[in-house]
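Trainee: In our numbering, the protein residues as written are 42 to 313. Below you will find the structure I want to go over with you.
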Amino acid sequence: MIRLGSSFKILLCLSLCVGVVSVWSQSTLVVEEQTWDGASVYVVKADPAQYRLVLLLPKDNYVQYMRDFSVDYPQAQAIINAGFYKKDGRPTGFLKADEWRSTTYKTRGVIGFNQSSPQSVIFDRLTAANGNLQSMYRGGRWWQDMNNIVGGAPLLLADGKALSLDPEQMLPTFVTGRHARSAICRTTSDQLLFVLVQGGDQYATYIGVSSGLTLFSLRRLLQSLDCRDALNLDGGYSSSMLVNGQLVVGHWLQHVASRPIANALAFIPCSH
42 MIRLGSSFKI
52 LLCLSLCVGV
62 VSVWSQSTLV
72 VEEQTWDGAS
82 VYVVKADPAQ
92 YRLVLLLPKD
102 NYVQYMRDFS
112 VDYPQAQAII
122 NAGFYKKDGR
132 PTGFLKADEW
142 RSTTYKTRGV
152 IGFNQSSPQS
162 VIFDRLTAAN
172 GNLQSMYRGG
182 RWWQDMNNIV
192 GGAPLLLADG
202 KALSLDPEQM
212 LPTFVTGRHA
222 RSAICRTTSD
232 QLLFVLVQGG
242 DQYATYIGVS
252 SGLTLFSLRR
262 LLQSLDCRDA
272 LNLDGGYSSS
282 MLVNGQLVVG
292 HWLQHVASRP
302 IANALAFIPC
312 SH
């Protein structure tokens, strides 16, 4: 993980891709916009040969505004909100940033990644029931080799399979309701995607905003994008993405008042 205020570690993370830092030679990430099931969708695709996945944490408090993450990590070309959190900003699920910050007895989808070259990225379900951390899908103890683990809910796809949502025991309204959504996925060609679905609440349609997607519709969208592994991230009012300095909001209320988030994922350029 990159720590704030440490330019050396930022350069180290960048150099791990191929060994030489030259971020200005990279192509710029672009946002692809489409409509799916009546909702506006924004997709950013990153080639792991050119970009690294990085976990971003707030500098001083439990939460931080999206634009502040961009200021603290100017190398990040794309940032998306990530894990779920409590009202005070503390994580509600799994979070590892070099060391464990949070676990849960509940079964939850996660994405884990390290700083090796090439970067290893794993999608799985974990639980810490009875105080023992267990993999519920892939098996083994792969998390020991991962610097960073971010929990979401639920894990929608794994190895191209549409997984049952039952093990993660999500609220029915969260599953079948149409909400703003954030997600991360890996395609069959190993590209990593940030996906943002715009939505709102019962008032959204009255002001001309789409009402978002159900989790099942989100999964079908991700399958249409050629995703083989996919994790739903915190959504609703938290959904937001910053790409090349431009903010894309998921929930219409963010046009009225921004909402700080507890952590984020970012694509930071490597060098050839």
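Glycine is no exception: its CB is placed at the ideal position from the N, C-alpha and C atoms. Because the structure is a prediction, the values reported are computed rather than measured.
Among residues of its own chain, excluding the 5 on either side of Leu266, which ones have a beta-carbon nearer than 8 Å to its beta-carbon?
Mentor: Val84, Cys226, Thr228, Leu234 and Val236.
Trainee: Let me check understanding here. Comparing Cα to Cα, which of Gly150, Arg149, Thr148 and Thr133 lies closest to Arg142?
Mentor: Of Gly150, Arg149, Thr148 and Thr133, the residue nearest in Cα terms is Thr133.
Trainee: Thinking C-beta only, is Leu204 closer than 7 Å to Leu212?
Mentor: Taking 7 Å as the Cβ cut-off, Leu212 and Leu204 do not qualify as a contacting pair.
Trainee: For the segment 144-156 against the segment 164-175, are there 3 or more C-beta pairs whose distance is under 8 Å?
Mentor: Judged by Cβ distances under 8 Å, the segment 144-156 makes contact with the segment 164-175, as three or more pairs qualify.
Trainee: Under a three-way DSSP split, which group does Asp186 fall into?
Mentor: Reduced to three states, the DSSP call for Asp186 is helix.
Trainee: So for Asn285, helix, strand or coil by DSSP?
Mentor: In the structure shown, Asn285 sits in coil (DSSP, three-state: anything other than H, G, I, E or B).
Trainee: Considering only residues of the same chain and omitting the five flanking positions on each side of Pro89, which have a CB-CB separation below 7 Å?
Mentor: The residues are Pro159, Gln160, Asp231 and Leu233.
Trainee: Count the other CB atoms, across all protein chains shown, that sit within 10 Å of the CB of Ser47; report buried if there are 16 or more and exposed otherwise.
Mentor: At Ser47 the pLDDT is 35, less than 50, meaning the model places this residue with poor confidence and gives no usable figure here.
Trainee: Is it true that the CB of Gln239 sits closer than 7 Å to the CB of Ala221?
Mentor: Yes, Cβ-Cβ distance for Ala221 and Gln239 is below 7 Å.
Trainee: Determine the extent of the beta strand (DSSP E) in which Arg227 is found, giving its start and end residues.
Mentor: Where Arg227 is concerned, the enclosing beta strand (DSSP E) stretches over Arg222 to Thr228.
Trainee: Take Gly276 as the anchor and find which of Met107, Ala224, Val71 and Gln105 has the nearest alpha-carbon.
Mentor: Residue Ala224 is the option with its Cα nearest to Gly276.
Trainee: When DSSP labels each residue in this structure, what does Arg131 get in the three-state scheme?
Mentor: DSSP places Arg131 in coil when its eight states are reduced to three.
Trainee: On the DSSP bridge assignment, give the partners of Lys360 in chain order.
Mentor: Nothing can be reported for residue 360, as the shown portion of the chain is limited to 42 through 313.
Trainee: I need the boundaries of the beta strand (DSSP E) containing Leu96, first residue and last residue.
Mentor: Its beta strand (DSSP E) spans residues Tyr92 to Leu97.
Trainee: Rounded to whole angstroms, what's the CA-CA distance from Pro208 to Met177? Just pull it up for me.
Mentor: Taking the straight line joining both Cα atoms gives about 9 Å.
Trainee: Whose CA, out of Asn102, Asn285 and Ser258, lies closest to the CA of Ala80?
Mentor: Checked all of Asn102, Asn285 and Ser258; the closest Cα to Ala80 is Ser258.
Trainee: Just how far apart, CA to CA, sit Val112 and Ala307?
Mentor: Going by the C-alpha atoms only, they are around 13 Å apart.
Trainee: Alpha carbon to alpha carbon, what distance is there between Tyr106 and Gly286?
Mentor: So the two alpha carbons sit approximately 13 Å from each other.
Trainee: From the DSSP output, which residues share a beta bridge with Pro310?
Mentor: In DSSP, Pro310 forms a bridge with Tyr92.
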